[in-house]
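J.:
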Amino acid sequence: MVDTVVGNCPPQVGAEPKDATARLRDVIGQIRASADPARDMTALEPALRPAKDGWREVRRLLVSPYVKEGKLAPAVAALETLTAVYPDRADDRRLLASLLARLEQWDKAIAQADAAAGIEPGNASLHAARIQLRVQAGRVPEAAEVARTTLALAQSAPEDAYSWLMAFVRNGDVAEAAGIAAALDPDNLPNARVATMAVRALLADRRNAAAIRLGDAALRAGHDCAALRSSLGLAHLRRGTEEDRKTHAPAHFEAGLKAAPDDVRLLTLHGETLLRAGRYKDSVAPLARAIELAPDLEQTRGLYARALRYTLQYDAAAEQMMFLLKKSPDNLLWQRSAIGALSQAGRKDEAEALFEQYVAKRGARLPETFQEALARMEAQLDTAPIPQARLDWAWSMRGDTSIDRATWERRARWGHMIDHLLFDWLECREERVEEAMAMLGELDTGERFFAPLLAAGRGVVVATAHVGPMYAGLMALELVGIPSRWLASAPSIARSSYAEALISTADQTEAQVAKACMRAIHSGFVLCLAIDGAANPAAPRTTFEGQDVTYSGFAAHLAHRMGVPSVFYAPRWENGQVAYTLEMLPAANPGEEADAYAQRWQKAYFERLREHLAGPPENLRLSGGIWRHVTAADPSA
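Residue 792, in my numbering, is where the sequence shown stops; the numbers in between run on with no holes.
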């Protein structure tokens, strides 16, 4: 009997018939030796079908070598033949799906993964592959839908939960992801990959305390890695206690960098956290390394410039800001920061020229008249960029519980946007500033309030907050002629009519600012300070109504040290015009220690601020100051 010709393998005349396995090996050998494996692959299926368990030979002698050599196309062709001959082998389909994914043939890869899971519907790892491939292909909503329909498998096989967690997180289904994470046994976490993604899922759902608990359990179990440390550090930052910010978060980022010293995200997080903890010198190195590795990261470079500023490297800080400005010339934040950096570096002419450009660019965006600007603003109320957590916190403090939420929020958005419009008009439309001044209400009350306080020839400390139409105060005091100085982030080189009334925090050191404040009091000025605002990234905080807020004790200590009266001031809207709340704050008792007085003063200040926040929502402002660090409630706390 003569052998059938298989491919290019001729029969061996006079030889004994080869068994099917031997013939298969011959064909495999020819394919491996061929200069064109794809051409000779057609001989594989006829040789494979009669061979008992021939899939073993194909996987061992053909597929594996090609995969090791990186020759994925012939490996795929061989596996496609295997799946045709052995359609019920799920493992072959899973490997084929993986190789097709490496070739970015997503439709075919997903089809093979789905087929494998259809063969073994209870196999969690096969469904995990279905989800993973869809994520890799950019089909995240589809991946999340597969995860949703197979959720029970993730809960029963925690070692494969990563894919479900990732799909839900990527798709924004954070509650579903957090549900899987919360169901994991902290004492039996399967691996670092699942632990890290679970912490990330809890973090995305604002369950900061739960993320910390799970992350700590993962570390105890030995599942340490840079990605876990990154997420765990972030969880501490978002929980936000002083110990979290200054101790725990930096420690996790530092540990992560030991494992991944060139991880740009970790370097940035570590540098920023050190900066905000007041460890300015320590923050410079990680931020410098981050921008060395990723020079296009603007936010990181901005942080680096701040670190340089607070280590008194003013020229270097200015250079970094100018680099940012050159890259993004229309970024208003970089423009303003560059002006301050140039001014602080002594480059006054450059700072003044840039400030003129900055004002001109903003002014060009404003309508011709203030009434037109108001109309445009009211048409855009829904676009006000107010974080939901701030709205929720303010809503919880409202005094009028009869108002519906939608109406209340619209009025709050109006109050937010009108104050920023007043600032733009004041700084960029000086020639038409009187149009905005028409919104100022009756000013005699303020003049009468301050007259007796100033009559003694001493100054007055005025404590305010980032509430209400705060920028209207400058206009009001200028109109009534009350001698005043305002602590503000505006650069010293501003040329507007009110510029002389500003003590700039943008381009002066804290010591210079403090001296300027004392000079103002000595000169009999009304000194206005927003107690809840500070340019210093490491500004102290305190707890107010369940939230961490920036709070400076400088005003209270200044009033005590200089023996001057202090006043609580808050601008507010009343019948469409700006009115003013002015109330005396406690005076120091004879012989009262400064710290005791400061505590009493702080209590009185916050009581008055709380009354203001309970009032009409247009008086909230909802940006800067007390609003800066507001976080949503942690459901896991």
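In this text, a Cβ means the ideal position worked out from N, Cα and C, and glycines have one as well. Small disclaimer: the values here were computed from a predicted structure and weren't measured.
Under 8 Å by Cβ, that's how I've got residue 256 and residue 288 pegged, so tell me the actual separation to the nearest angstrom.
T.: Sure, about 6 Å apart at Cβ, within 8 Å.
J.: Which stretch, first to last residue, makes up the beta strand (DSSP E) that contains residue 757?
T.: Segment 749-768 is the alpha helix (DSSP H) holding residue 757; no beta strand (DSSP E) there.
J.: Just to confirm the assignment: which complete beta strand (DSSP E) runs, minimum length 3, are found wholly within the region 243-274?
T.: You should have found no qualifying run.
J.: If distances are taken between C-alpha atoms only, which option among 719, 590, 524, 738 comes closest to residue 680?
T.: Residue 680 has its Cα closest to that of 719, out of 719, 590, 524, 738.
J.: Assuming residue 722 contacts residue 624 (C-beta within less than 8 Å), just tell me the rounded distance between them.
T.: Their Cβ separation, rounded to whole angstroms, is 18 Å, which puts residue 722 and residue 624 out of contact at 8 Å.
J.: Would you kindly work out how many angstroms separate the C-alpha atoms of residue 394 and residue 582, rounded to a whole number?
T.: Distance between the alpha carbons of residue 394 and residue 582: 37 Å.
J.: Of the choices 240, 274, 299, 740, whose alpha-carbon is the least far from that of residue 617?
T.: Among 240, 274, 299, 740, the Cα nearest to that of residue 617 is on 740.
J.: For the region 576-656, list the alpha helix (DSSP H) runs that are entirely contained and at least 4 residues long, ordered along the chain.
T.: Segments of the alpha helix (DSSP H) lying fully in the region 576-656: 588-592, 599-610, 627-635.
J.: What do you reckon, are the CB atoms on residue 384 and residue 341 nearer than 8 Å?
T.: In this structure, residue 341 does not lie closer than 8 Å to residue 384 by Cβ.
J.: List the residues that DSSP assigns as beta-bridge partners of residue 685.
T.: According to DSSP, residue 685 bridges with 619.
J.: Who does residue 454 pair with in a DSSP beta bridge?
T.: In DSSP, residue 454 forms no bridge with anything.
J.: Under a three-way DSSP split, which group does residue 658 fall into?
T.: Three-state result, residue 658: strand.
J.: May I ask you to list the residues that DSSP assigns as paired with residue 696?
T.: DSSP lists 705 as partners of residue 696.
J.: Which one of 408, 621, 698 has the shortest CA to CA distance from residue 689?
T.: It is 621 whose Cα lies nearest to the Cα of residue 689.
J.: Here's the rule: buried if 16 or more other CB atoms are within 10 angstroms of the residue's CB, otherwise exposed. What is residue 308?
T.: Classification of residue 308: buried, given that the 10 Å Cβ count is 16 or more.
J.: Any idea which residues DSSP pairs residue 732 with across the strands?
T.: Residue 732 pairs with 729.
J.: Under the three-state reduction of DSSP, which class applies to residue 790: helix, strand or coil?
T.: DSSP places residue 790 in coil when its eight states are reduced to three.
J.: Output the residue ranges of the beta strand (DSSP E) runs that lie fully inside the region 191-246 and measure 3 residues or longer, sorted by chain position.
T.: Listed in chain order, there is nothing to give.
J.: Quick one: give me the first and last residue of the alpha helix (DSSP H) that residue 672 is part of.
T.: That run of the alpha helix (DSSP H) goes 665-677.
J.: What is the DSSP secondary structure of residue 722, counted as helix, strand or coil?
T.: It is a strand residue.
J.: Taking C-alpha atoms, which residue in 509, 568, 716 lies nearest to residue 538?
T.: When each option's Cα is compared against that of residue 538, the closest is 568.
J.: Please say whether residue 361 and residue 324 have beta carbons closer to each other than 8 Å?
T.: No. Outside cutoff.
J.: Could you please give the first and the last residue of the uninterrupted alpha helix (DSSP H) stretch that includes residue 550?
T.: Here the alpha helix (DSSP H) through residue 550 covers 543-551.
J.: When the distance is taken between beta carbons, is residue 696 closer than 8 Å to residue 767?
T.: Result no, Cβ atoms of residue 767 and residue 696 do not sit closer than 8 Å.
J.: Does the Cβ-Cβ distance between residue 468 and residue 456 come in under 8 Å?
T.: Result no, Cβ atoms of residue 468 and residue 456 do not sit closer than 8 Å.
J.: Find out if the Cβ-Cβ distance for the pair residue 364, residue 358 is shorter than 8 Å.
T.: The answer is no: Cβ separation not under 8 Å.
J.: Under 8 Å between the Cβ atoms of residue 237 and residue 247?
T.: Against a cut-off of 8 Å, the Cβ pair of residue 247 and residue 237 comes out as a contact.
J.: Assign residue 488 to one of two classes, buried (16 or more other C-beta atoms within 10 Å of its C-beta) or exposed (fewer than that).
T.: Classification of residue 488: exposed, given that the 10 Å Cβ count is below 16.
J.: Quickly, what does DSSP pair residue 738 with across the bridge? List them, please.
T.: Answer is 723, bridged to residue 738.
J.: Roughly how many angstroms lie between the CA atoms of residue 656 and residue 639, to the nearest whole one?
T.: Approximately 6 Å between the Cα atoms of the pair.
J.: Starting from the C-beta of residue 264, find all residues in its chain whose C-beta is less than 7 Å away, skip the five residues before and the five after it, and write them out in chain order.
T.: Correct list, in chain order: 252, 255, 256, 288.
J.: State yes or no: is the C-beta of residue 290 within less than 8 Å of the C-beta of residue 322?
T.: Yes; because the gap between Cβ atoms is below 8 Å, this pair is in contact.
J.: So, using beta-carbon positions, are residue 471 and residue 463 closer together than 8 Å?
T.: In this structure, residue 463 lies closer than 8 Å to residue 471 by Cβ.
J.: Could you pull the start and end residues of the alpha helix (DSSP H) that residue 394 belongs to?
T.: From DSSP, the alpha helix (DSSP H) with residue 394 extends over 381-394.
J.: Which of helix, strand or coil does DSSP assign to residue 774?
T.: Helix, per DSSP.
J.: Have a look at residue 615 and residue 770 and give me their C-alpha separation to the nearest angstrom.
T.: Whole-angstrom Cα-Cα distance: 26 Å.
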